[in-house]
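Reading through the structure tokens given below for one structure.
Protein chains: 2
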Amino acid sequence: MSASDDPTVADLSEDAILARIFPHLPQGPGTVVPPGDDAAVVRAQDGRVVVSTDVLVEGQHFRREWSSGADVGWRAAAQNLADIAAMGARPTALVVALVAPADLPASWVEGLARGLAGACGPHGAGVVGGDLSGGPVVVVSVTVLGDLEGRVPVLRSGARPGDVVAHAGVRGRSAAGLALLGAGLPDLDPTLVAAYLRPDPPIAAGAAAAASGATAMLDVSDGLLRDAGRIAAASGSRIDLDPVDVAFGEDLARVSAAARAVGADPRAWVLTGGEDHGLLATFPARTPLPAPFRVVGRVLAASEDEPAVTVGGGAPEVSGVGWDHFAR
Amino acid sequence: MSASDDPTVADLSEDAILARIFPHLPQGPGTVVPPGDDAAVVRAQDGRVVVSTDVLVEGQHFRREWSSGADVGWRAAAQNLADIAAMGARPTALVVALVAPADLPASWVEGLARGLAGACGPHGAGVVGGDLSGGPVVVVSVTVLGDLEGRVPVLRSGARPGDVVAHAGVRGRSAAGLALLGAGLPDLDPTLVAAYLRPDPPIAAGAAAAASGATAMLDVSDGLLRDAGRIAAASGSRIDLDPVDVAFGEDLARVSAAARAVGADPRAWVLTGGEDHGLLATFPARTPLPAPFRVVGRVLAASEDEPAVTVGGGAPEVSGVGWDHFAR
């Protein structure tokens with residue numbers, strides 16, 4: 001195929017690559033100065049801005065044979081948007097740094113832009129800036145900004161004994177989809193594969209939870225047990241989750257066939273699978289929960305005799321509690 | 001050496017690595033919610049936030065045999081701070097994504113944190129968040145936020161015929177330092193090598209320029225000719241720079257011995273060398289310029305018969321106009 005049919009990034013100048021990306025990117029209603037200058041300017045109406053950053057690295061977080069550029073763009077945006085939602089804020093803008101090997105097709109980069117746009121656009125977040133460099137593997141580094149709209153930020157440290165624990169979003173499906181890809185069985189359940197490739201966190205539920213009085217919240221990126229443990233540790237309390245069949249029966253049912261096919265424990269996927277990016281929050285008892293939050297457990301007083309996180313009153317029945325990118 | 005003496009990032013958990021980094025990082029007076037939650041919250045007092053992102057990639061922007069972790073952290077911060085300054089804003093906060101090979105010493109990462117802190121601290125910018133991943137080479141992706149403090153953002157597009165062109169900072173010294181490292185002659189002039197390893201842009205001059213009525217401004221990251229051309233193009237005008245000996249006599253003198261040693265043209269370094277991160281701005285004629293800005297040229301009406309950027313009224317005497325990361 002000639003360079004003009006599907007050029008690589010090395011066939012094009014930096015300006016030519018940017019010219020292919022820009023038309024795909026949403027501006028966002030909060031953008032005051034759009035991309036093209038040394039920096040962009042974004043509205044921060046209540047005098048504060050929420051900021052978080054997350055990086056995706058080829059070979060660590062995705063493989064190009066499984067994830068298209070659009071998949072990677074979608075996922076990079078979605079996991080960043082979830083971090084803003086987890087503070088009780090509304091996402092307003094993203095900036096994106098892309099490291100690209102010389103042989104990366106320009107069409108992959110265009111796909112990345114389309115994926116970013118697809119994940120951001122519906123939430124009103126613009127892509128307002130970026131940087132581009134060469135490098136040995138694809139790296140997509142996204143920083144996201146958000147607006148608390150006057151609300152108090154919801155931290156991990158506010159859970160109190162007596163609060164209910166609630167979850168919004170799916171559990172274990174990203175881990176199931178990844179396992180199907182790894183086993184060469186993506187056709188067994190393409191919706192699970194899609195849950196891995198393009199997670200769709202309940203972004204608007206974050207602001208709704210804050211408005212409803214959530215006392216603590218985070219985005220479940222490293223697995224339910226590990227992330228529940230983070231709320232417990234930050235809050236000086238402990239958390240008892242309802243039995244998996246009760247709290248996550250629908251997720252369990254959805255991943256069971258895939259688990260049988262690859263010889264995995266579906267409960268482990270639900271309890272420890274990462275990257276679903278659901279929201280885990282605590283609320284004072286009897287608070288009407290905003291959709292799609294459902295009660296999945298309770299906050300209890302810390303105790304030296306009990307683990308920080310229990311399931312159905314006992315120690316979790318699975319080993320391993322989540323991801324560590326450098327763990328051996 | 002045992003792992004406990006100088007462990008690599010693979011010897012430590014992600015939490016242990018973060019525990020080594022955090023104590024070094026400045027919080028910044030504008031930080032409302034510090035690192036440790038899903039996102040940080042930073043003050044944006046005038047209801048807007050300035051945002052820019054820049055990435056440094058090992059093998060593209062630095063070599064570990066030349067740059068320490070502290071050097072890379074300093075440079076990553078400095079070039080991002082310069083983008084905020086170039087809008088006429090004051091930097092308030094940074095977030096940093098680090099991709100680290102498994103064999104990277106943890107001490108290198110601690111150095112990176114110290115370098116970031118050294119470059120940010122004096123300007124009141126905190127390091128408020130980050131992400132960490134494995135990968136084949138070191139990638140440092142920084143996003144910086146800034147506060148316009150009520151000022152109008154200074155864009156590239158506001159230069160008008162009759163304006164003076166002014167520059168703050170050094171020229172050609174980063175290119176000279178890089179050339180000395182490349183020639184194995186760093187001891188010939190360690191101050192030039194330092195100018196490459198740890199650029200020190202005039203950050204506060206950006207806000208001062210905006211307050212003084214600058215009509216256009218940018219951070220000279222890709223070389224004077226190329227970046228002056230960007231102001232000319234965005235403004236629909238052209239720029240005539242004063243002869244190098246007049247406008248940049250001190251820089252020319254400072255790099256001449258190095259140029260002789262490596263057989264380079266010192267004028268080319270001054271006109272096209274990248275990564276000094278000085279500020280190039282235009283001001284209405286007779287505006288008292290804030291220090292350390294000095295007049296280095298004039299804005300003229302665009303003309304089809306003249307190049308967008310001339311030097312002393314004629315075509316620049318050097319070939320090449322700056323960097324392109326994918327150029328072959």
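Chains as they are written, first to last, in UniProt numbering: chain A, 1 to 328; chain B, 1 to 328. Quick reminder that beta carbons are idealized off the backbone N, C-alpha and C, glycines included. These numbers were taken from a predicted model, which means no experiment stands behind them.
Contacts with chain B at 8 Å (Cβ-Cβ) include Gln-45 (chain A). Here DSSP, grouped into helix, strand and coil, assigns His-61 (chain B) to coil.
Using beta-carbon distances, Ser-67 (chain A) does not count as an interface residue toward chain B, since no partner is under 8 Å. Note on Pro-29 (chain A): under 16 other CB atoms within 10 angstroms of its CB, so exposed under the neighbour-count rule. Note that the C-beta distance between Val-309 (chain B) and Arg-238 (chain B) is below 8 Å. For the stretch 46 to 63 of chain B, the beta-carbon criterion of a distance under 9 Å to any beta-carbon of chain A is satisfied by Asp-46, Gly-47, Arg-48, Val-49, Val-50, Val-51, Ser-52, Thr-53, Asp-54, Val-55, Leu-56, Val-57, Glu-58, Gly-59, Gln-60 and His-61.
Straight-line measurement puts the Cα of Val-32 (chain A) at about 17 Å from the Cα of Ala-216 (chain B). Residue environment for Arg-171 (chain B): buried (at least 16 other C-beta atoms within 10 angstroms of its C-beta).
Considering only A:Ile-21, A:Ala-253 and A:Ser-174, the residue with the shortest C-alpha distance to Ala-78 (chain A) is A:Ser-174. In the three-state DSSP reduction, Phe-22 (chain A) falls in the helix class (H, G or I). Using a Cβ-Cβ distance cut-off of 8 Å, the stretch 260 to 268 of chain B and the stretch 173 to 190 of chain B are in contact, since at least three pairs of beta carbons, one from each stretch, lie closer than that value. Taking the C-beta atoms as reference points, His-277 (chain B) is found no nearer than 8 Å to Val-193 (chain B). Using a 10 angstroms sphere on the CB of Arg-260 (chain A), the tally of other CB atoms stays under 16, which defines it as exposed.
The three-state reading of DSSP puts Arg-260 (chain B) in helix, counting H, G and I together. From the listed residues B:Ile-84, B:Pro-101, B:Arg-156 and B:Ala-102, the smallest Cα separation to Leu-94 (chain B) is found for B:Ile-84. Under the DSSP definition of a beta bridge, Asp-147 (chain A) partners with A:Arg-90. The beta carbon of Gly-312 (chain A) lies closer than 6 Å to those of Pro-243 in the same chain, with the five residues before and after it left out.
Inside the stretch 114 to 187 of chain A, DSSP marks whole alpha helix (DSSP H) runs of 4 or more residues at positions 173 to 182, from first to last along the chain. With a threshold of 16 other beta carbon atoms within 10 Å, Asp-5 (chain A) falls short and is exposed.
With fewer than three CB-CB distances shorter than 8 Å, the stretch 294 to 304 of chain B does not count as touching the stretch 186 to 205 of chain B. For Thr-143 (chain A), the C-beta contacts it makes with chain B under 7 Å involve Thr-53, Val-95 and Thr-143, in order along the chain. Sixteen is the threshold: when 16 or more other Cβ atoms of the shown chains lie within 10 Å of the Cβ of Pro-290 (chain B), as they do, the residue is buried. Below the 8 Å Cβ cutoff, chain A contributes no neighbours of Asp-103 (chain B), its closest Cβ being approximately 11 Å away. In this model, Arg-160 (chain B) and Arg-20 (chain B) are separated by some 50 Å (Cα to Cα). A residue is called buried when at least 16 other Cβ atoms come within 10 angstroms of its Cβ; Asp-37 (chain A) meets this threshold and is buried. Per DSSP, the beta-bridge partners of Pro-35 (chain A) are A:Asp-37. Using a CB distance cut-off of 8 Å, Arg-156 (chain A) counts as an interface residue toward chain B.
At a C-beta separation below 9 Å, Ile-84 (chain B) has these neighbours in chain A: Asp-38 and Ala-39. Apart from sequence neighbours up to five positions away, the residues of its chain that approach Glu-149 (chain B) with a beta-carbon distance below 8 Å are Gln-45, Asp-46, Ala-89, Arg-90 and Ala-207, ordered along the chain.
Using beta-carbon distances, Ser-235 (chain B) does not count as an interface residue toward chain A, since no partner is under 8 Å. Ala-39 (chain B) is classed as buried because its beta carbon has at least 16 other beta carbons within 10 Å across all chains shown. Of the candidates A:Trp-108, A:Ala-234, A:Gly-229 and A:Leu-241, A:Trp-108 places its Cα closest to the Cα of His-24 (chain A).
With its beta carbon at least 8 Å from every one in chain B, Gly-273 (chain A) lies outside the interface. According to the DSSP secondary-structure assignment, Leu-241 (chain B) is paired through a beta bridge with B:Gly-297 and B:Val-311. For Ala-281 (chain A), there is no enclosing alpha helix (DSSP H); the residue is found in the beta strand (DSSP E) stretching over 278 to 283.
Residues of chain A with a Cβ closer than 8 Å to the Cβ of Pro-136 (chain B) are, in chain order, Gly-59, Pro-136 and Val-137.
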